Structures are given as structure tokens and as C-alpha cells.
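In what follows, a structure is listed as C-alpha cells, so that the remarks can point back to it.
Protein chains in written order, with our numbering: chain A, 1 to 403; chain B, 1 to 97.
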């Protein structure tokens with residue numbers, strides 16, 4: 001007779017295989033999704049133009065009525081792309097014949113809607129309009145980043161800079177400033193995440209006496225730096241981007257690589273989750289509420305499997321939809337930005353309210369029942385165990401045959 | 001006493017289950033709204049493209065008149081370079097029939 005734990009394991013294996021197969025099918029299908037047509041956005045980037053004429057694949061000349069009759073060239077529209085938070089961000093940028101940015105329109109993006117909403121609400125495009133071919137158009141120099149949506153604003157500035165420089169040098173015979181080779185950006189988030197991994201490493205040592213205190217320090221630091229200041233917690237969008245092959249430039253997005261690489265590395269070597277319990281900003285916020293309300297871990301034995309599989313099903317659905325729509329951020333349903341940035345839909349604010357109140361009585365309700373990162377982490381753990389099992393089996397066979 | 005404890009714990013369990021499913025419902029509504037917005041945006045874009053490519057041109061009334069379609073020329077004409085140059089026609093008019 002097959003034991004129930006073995007049966008559960010077999011079921012888990014079968015479901016994992018089906019889930020991966022479905023993700024693969026969605027990935028293949030998404031390859032056939034055609035990109036957005038650029039034509040309607042040319043007009044948005046340069047509304048004064050009456051007609052656009054292609055110069056090459058991603059550059060158009062824009063023509064408008066002349067004062068005395070015939071059409072005159074009123075500018076150019078360049079199509080450009082840069083790596084944003086969730087993947088490539090494609091824009092149309094209108095440039096005057098004097099090399100000045102006149103307007104812009106977003107053609108396609110993979111950003112989490114709340115990030116883009118924040119950028120638009122802060123009127124970030126207005127900051128870029130009027131920039132000239134002779135300006136550096138660098139975030140932190142002559143352009144202010146939108147806090148809480150740094151990657152999205154950086155991508156927009158990058159597209160505008162590349163477009164205006166391209167028009168200036170290729171069409172107008174003007175000389176834009178020499179672009180220095182991309183420097184490696186190491187800022188507070190990169191240093192903080194390295195410090196959090198270090199704290200986790202020290203905290204997991206058996207001889208270390210102050211694990212509890214160090215964990216709280218790490219959590220509060222994570223909540224403050226990765227949450228309230230930068231709003232860059234780990235989300236499903238990170239894993240979706242990884243699956244879709246939207247790998248950002250490591251010079252500018254070292255944080256992305258440190259976070260994902262660090263987590264995967266620690267899992268592979270140690271089978272421990274270095275993130276969720278140690279420096280997840282939203283987890284820390286829930287634990288603060290738990291400390292106030294005296295919350296306890298509650299998972300009714302009767303519904304344990306139902307709750308577990310509901311959470312996994314939700315994460316799976318979000319990954320599949322993200323792949324099909326080719327938009328990693330679109331289906332990333334976490335409410336982190338709602339708490340740390342105060343942006344989100346009414347549904348997200350409603351959900352946040354429920355989670356905050358529930359956190360007073362239940363330990364980490366979001367993490368335990370809803371967070372999509374947990375099923376991903378479970379899956380990584382499962383794959384690791386499976387590979388390790390195969391390897392050990394093979395090793396024991398080799399030893400037996402040599403005896 | 002023990003019975004009451006079991007009853008209480010059972011109510012708490014069901015309460016938790018209801019709470020979790022309420023949250024899942026909110027997540028699904030939010031996801032659906034986002035996806036619907038995206039699809040609507042894409043639809044609007046494709047309609048705009050369609051409109052730009054198939055602008056109907058009115059033809060003087062003749063018995064066999066058929067609507068004509070304005071289509072992008074397969075071979076683009078040379079691009080003018082001067083700021084005041086008059087561009088040549090970008091579109092060719094073709095009969096739809």
C-alpha cells in the first residue's frame with residue numbers, strides 16, 4: 001500500500017511537471033505575440049505634424065503645414081527602447097529640427113502599472129521636454145528621478161537621450177556630448193542588499209548569540225531602505241522577467257542581479273531562504289503589526305492543503321498571464337507599492353487594509369496565504385531536492401557497482 | 001468545554017478561509033481590471049492603425065463606383081532632407097476592387 005506522504009509527493013511531482021509544461025507552452029505562445037504598431041504614437045509624440053515619413057525603421061520625419069503654403073519639416077520622431085523595471089520600455093520621441101525634445105509617447109511597456117502611474121502623476125515627461133541635444137540628460141545630473149519608480153524614470157530618460165542624440169547626429173549634423181561608457185552604478189540599494197545577505201549569513205551561524213536581534217535589525221533596515229525609500233522589494237515581476245529573458249543591463253541594475261543571484265545562490269548551496277524572513281520589506285511590515293497585536297501563526301490543519309494550493313494556483317496563473325501578455329509587471333499582483341508608495345487601485349488599497357488588520361492577529365497573512373514569491377521559492381526548493389535525489393541515487397549506484 | 005473549544009477553533013478556521021478567499025477575489029478583480037485595460041489600450045491602438053491605413057476616399061458618384069482604399073506605398077519615395085523641402089507623396093491611391 002502506498003503511504004499518504006508518498007502519494008502527496010507523487011501528486012506534487014505530477015502537478016509541478018504540469019505547471020512547468022503549461023508555463024513552457026505559454027512562453028512559446030508568447031513568442032507569436034506581435035509588437036504594438038508605432039504609427040498612432042508618432043502623432044502623440046509630435047501632435048503638430050500632419051504627416052510622417054519613414055526615414056529608416058525607427059526614425060520618421062514629421063511634416064506640417066507651412067505658413068505660406070507648402071509643407072515644411074517640423075521635426076523628427078525617433079523610436080527608442082530601454083530597460084525599465086519589468087522589461088523593455090519603448091517610446092516615440094519628437095525632436096525639433098534644432099535638436100530639442102518636443103514631445104513623447106510610450107508605445108509599449110512592461111512596467112508594473114503603479115510605477116508608471118507614479119511617473120505620470122509626477123509629470124516626469126515634462127521634465128524631459130525641452131531638453132536639447134547638447135544636454136547630458138542623465139538621471140541624478142540634469143534630470144531628477146521619480147522616487148519609488150527610479151528604474152522606470154531612468155529608462156524614459158535613457159530613451160529620450162538616445163533619441164535626441166540620434167536625430168542630432170544622423171539628421172541634423174550636430175554633435176551631441178560624447179557618451180561615456182556605461183559606468184557600474186553601486187548605490188545604497190546595492191550596498192544594503194549585500195549587507196542584508198551578510199547579516200543573514202552571520203545570523204544563521206550556530207554560535208552566533210544575537211540572531212533574533214540581528215534579524216529584526218535586518219528586517220527594519222529592509223523595510224526602510226528597500227521598502228519606504230526605494231520601493232524595490234522582490235516581486236513576481238523579477239521572476240517573470242527572468243523567464244522572458246528581459247535581463248537588464250548589469251551596470252545600471254546591479255541590484256536586480258544581486259538580489260536574484262544572491263537568493264538563487266543561497267538556495268542552491270544552503271537550501272535556505274535568505275530573503276523572506278530576513279529582509280523582505282512587506283514581511284517586516286507585517287511582523288511589526290504582529291508585534292503590536294500579538295499575532296500567532298495560524299494555519300488550520302484541515303484547510304492547510306487547500307490554502308497552500310490556492311496560493312500556488314494564484315502564482316501560477318499570474319506567471320502564465322504575464323508570459324502570455326509578455327508583460328512581467330502587469331500580473332505582479334503584490335501590494336508592496338500600495339504600502340510603500342501609496343499608489344494602487346482601489347482593490348489594492350482594500351486588500352492592503354485587510355492584510356494590515358489581519359497581521360495584528362495572524363502572523364504574516366500575506367506571506368503565508370497570498371504572496372506569489374513563496375510558491376516560486378517552494379518550487380526552487382523542490383527542484384533542488386529532486387536534482388539532489390537523482391544525484392545521490394546515481395552516486396550510490398556507482399559505489400555499488402564498483403564494489 | 002472541550003466541545004466549545006473545538007467549535008471556536010472551527011469557526012476561526014472557516015473565518016481564515018473566508019478571509020483568504022476574499023483577498024484572492026480582490027487580487028483576481030485587480031488582475032482582470034489591469035488586463036482589460038491593457039487589451040482595451042491595444043484594441044484602441046490597432047483601431048487607430050486601421051483607420052490610418054484605410055482612410056476612405058469619397059469618389060464622385062458613378063454607377064460602378066467602388067470605395068477606394070489609401071494604402072502605404074510598398075516602395076517609399078526618397079526622403080527630403082532640407083527643412084523647407086516639399087516632400088513627395090507618401091501614399092498611393094489604389095482601387096479596392
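Even glycine gets a Cβ: it sits at the ideal position worked out from N, Cα and C.
Since we're looking at a predicted model, the values are computed, not measured.
Which partner residues of residue 104 of chain A appear in the DSSP bridge assignment? A/93
Under the DSSP definition of a beta bridge, which residues are partnered with residue 64 of chain A? A/72
Which residues of chain A have a Cβ atom closer than 7 Å to the Cβ of residue 34 of chain B, listed in chain order? 113 and 330
Going by C-alpha to C-alpha distance, which of A/59, A/127 and A/88 sits closest to residue 247 of chain A? A/88
Using the Cα positions of residue 203 of chain A and residue 148 of chain A, report the straight-line distance between them to the nearest angstrom. 29 Å
Please confirm whether residue 29 of chain B has its beta-carbon closer than 8 Å to some beta-carbon of chain A. yes
Can you confirm whether residue 24 of chain B, when its beta carbon is compared against all beta carbons of chain A, has any partner nearer than 8 Å? yes
Taking the beta strand (DSSP E) that residue 51 of chain A falls in, what are its first and last residues? 51–56
Distance check for residue 370 of chain A and residue 347 of chain A, CA to CA, integer angstroms please. 15 Å
Could you pull out every unbroken alpha helix (DSSP H) segment of at least 4 residues lying fully inside the stretch 208–268 of chain A, listed in chain order? 211–222 and 236–244
What is the DSSP secondary structure of residue 11 of chain A, reduced to helix, strand or coil? helix
Name, in chain order, the residues that DSSP records as bridge partners for residue 81 of chain A. A/90
Does the stretch 47–63 of chain A come close enough to the stretch 338–353 of chain A to have 3 or more Cβ pairs within less than 8 Å? no
Helix, strand or coil at residue 38 of chain A [DSSP, three-state]: coil
Go ahead and label residue 210 of chain A buried or exposed: buried means 16 or more other beta carbons lie within 10 angstroms of its beta carbon, across all protein chains shown. exposed
Do the stretch 230–237 of chain A and the stretch 206–221 of chain A meet, that is, are 3 or more Cβ pairs less than 8 Å apart? no
On a Cα-Cα basis, can you pick out the residue from A/72, A/357, A/270 and A/115 that is closest to residue 388 of chain A? A/270
Would you say residue 310 of chain A lies against chain B (beta-carbon separation less than 8 Å)? yes
Rounded to the nearest angstrom, what separates residue 130 of chain A and residue 168 of chain A at their Cα positions? 14 Å
Please state the DSSP three-state secondary structure of residue 137 of chain A. coil
What does residue 358 of chain A reach in chain B if we use C-beta pairs closer than 8 Å? 19
Decide if the stretch 375–392 of chain A is in contact with the stretch 349–367 of chain A; the criterion is three or more beta carbon pairs, one per stretch, under 8 Å apart. no
CB-CB length for residue 95 of chain A against residue 164 of chain A, believed under 8 Å: 5 Å
According to DSSP, simplified to helix, strand and coil, what is residue 143 of chain A? strand
Kindly indicate the opening and closing residues of the alpha helix (DSSP H) around residue 125 of chain A. 124–128
What separation, rounded to the nearest whole angstrom, lies between the Cα atoms of residue 90 of chain A and residue 227 of chain A? 27 Å
When burial is assigned at 16 or more other CB atoms within 10 Å of the CB, is residue 306 of chain A buried or exposed? exposed
Classify residue 131 of chain A as helix, strand or coil using the three-state DSSP reduction. coil
Candidates A/395, A/341, A/396 and A/364: which alpha carbon is nearest residue 122 of chain A's? A/341
What number of angstroms, rounded off, separates the C-alpha of residue 288 of chain A from the C-alpha of residue 332 of chain A? 24 Å
7 Å Cβ cut-off: residues of chain B touching residue 345 of chain A: 30 and 33
Residues of its chain near residue 13 of chain B, where Cβ-Cβ distance is below 8 Å and the 5 sequence neighbours each way are ignored: none
For the putative contact between residue 336 of chain A and residue 279 of chain A, defined by C-beta atoms under 8 Å, what is the C-beta separation to the nearest angstrom? Wrong, their Cβ atoms sit about 13 Å apart, outside the cutoff.
In three-state terms, what does DSSP make of residue 410 of chain A? As shown, chain A starts at 1 and ends at 403. That puts residue 410 of chain A outside it, with no answer to give.
Compare the C-beta of residue 348 of chain A against all C-beta atoms of chain B and say whether one is closer than 8 Å. yes
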